[in-house]
Amino acid sequence: MGANRSRGGAVLPDGPARKNHGILRVALRAAAVLVALVGVLLFLAATGEGSGFGNLAWAIVASVLPVPLYLALALWIDRYEREPRLLLLWAFLWGATFALFLSLALEVVLIEALLPAIFGPNSALANAIGGSVVPGAAEEGAKGLALLILYLWKRNEFDGVIDGIVYAAMVGLGFAMIENVEYYAGAIARSGLSFELTFLLRGVLEPFLHPLMTALTGIGFGIASRATSRAARIGAPIAGLLAAMTVHSLWDYGALVGEGMAGIATNYLRIFLPLALLVVAFVAYGLSREGRLVREHLRPELQSGVLTQQEYDSLGSVRGRITASLGALRQGYRPWRRRARFAQVASELAFYRDRVGRGATTVEVEKRDAAYVEALRNRA
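FYI, in our numbering the residues of the sequence shown are 691 to 1070.
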């Protein structure tokens, strides 16, 4: 049996051998990427056709440029065990492609066909539902589907609410980036101050609106990942999704009936601010819990001398990790990278022991545990 490496660099034994379905897997991934690319191109072509391709180009630039900053801010909360980059990329691309197209398709069917059939054409109630409830349900459902797939596909990557929030942020930022292209292109085409106001609202004041709303679903999956009862494992994600749909619908309804800047300010005070505070509270709780988890599961390494007291203390708190990272950075890039790998291996060991303790994994426990400890002893 061969060996593989953890994200922190620890040499780990392979898991059980699996049948080789490599060709089929590659073909399915290639097909999914192709469908996503075609969908993006069709969306951009339709946007350019309606607002002008020159305006579309500027809109793409305005939508993409701030994204690295937003991603960095969202990923900052992932302080203990970094999520795999490919999974983060997958979540972002899902939000930018499949989630957007699926929600658009659902909205067209519901608004153009179902609601008129139920309430009749030109119904005020149908228009109100189509402008608030439908977008909230369709968009949060499409984004939540990405989290469901990740949860079922990579269950071991969900260790609590922090992971759920991080993946939700990736999906939401991808969705918002492509959605903003349409809004910006239309605003540029209208000339005047329309683009500046639109960019101020969507690019400065609202960039985390989609991530925050989808974070409610992510919190649900994070709670489910640690739940011991079947009811909680099923109910928490559903409750999170319903909460996300409700908040999204309330936001859209406020935008629908609000007037000018007063309506926007009301939406921020009544919806955005409480939502942001709620998610921040869950982040604080999640980071505190992860710190306790790291301290608990690394105590044997402190007692055996693998970790010094200073290392143990720095690994078990956000402030300690930041301080140690900045101290290593002052010594140069390579010391900083070594420190990052060391911290990652320590976190992986702690979270691995936590999963073993919960019965979430049983694959070659002793060998993998020993590999992590050896990496720590060698300072990763």
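Glycine is no exception: its CB is placed at the ideal position from the N, C-alpha and C atoms.
In this structure A858 touches A905 by the C-beta definition: roughly 4 Å separates them, less than 8 Å. By the criterion of a C-beta distance shorter than 8 Å, L977 is surrounded in its chain by I767, R769, Y770, I852 and V1008, once the five residues flanking it on both sides are discounted. The DSSP-derived three-state label of P1025 is helix. Pairwise C-beta distances place the region 802-816 out of contact with the region 739-759, as fewer than three of them are shorter than 8 Å.
Cβ-Cβ distances below 7 Å link A1033 to L1005 and R1011 in the same chain, with the five nearest sequence neighbours on each side left out; the list follows chain order. Taking 8 Å as the upper bound for CB-CB distance, G826 and M935 are in contact here, some 5 Å apart. E896 carries a coil assignment under DSSP once its states are collapsed to helix, strand and coil. Note that the C-beta distance between G908 and G785 is not below 8 Å. Closest option to A917, judged by alpha-carbon separation, among R845, F962, L890 and E986: R845. Within the same chain, L863 and M867 come within 8 Å of V757 by CB-CB distance, once the 5 residues on both sides are set aside. CA-to-CA, the gap between A803 and A795 works out to about 12 Å. For A832, the closest C-alpha among the options H938, S881, V996 and V751 is that of H938. When C-alpha distances from L1066 are compared across A922, G834, E1056 and L992, the shortest belongs to L992.
Only residues of its own chain outside the window of five on either side were considered, and among them G826, L899, M903, N957, I961 and F962 have a CB closer than 8 Å to the CB of W941, listed in chain order.
With respect to A749, A945 sits apart: the two C-beta atoms are not nearer than 8 Å.
Between E773 and V856, the C-beta gap is smaller than 8 Å, which places the two residues in contact. Straight-line measurement puts the Cα of T998 at about 18 Å from the Cα of W1026. Between E872 and T1013 a beta carbon distance of about 44 Å is seen, past the 8 Å cut, so the two are scored as non-contacting. Taking 8 Å as the cut-off, the Cβ atoms of V1046 and V1035 do not count as close. The C-beta distance from A764 to P901 rounds to 6 Å, short enough to fall under 8 Å. Residue range R920 to V947 is occupied by the alpha helix (DSSP H) that includes I924.
The three-state secondary structure of V996, taken from DSSP, is coil. With fewer than 16 other CB atoms across the displayed protein chains lying within 10 angstroms of its CB, A921 is exposed.
If you draw a straight line from the Cα of P811 to the Cα of G821, it comes to about 15 Å.
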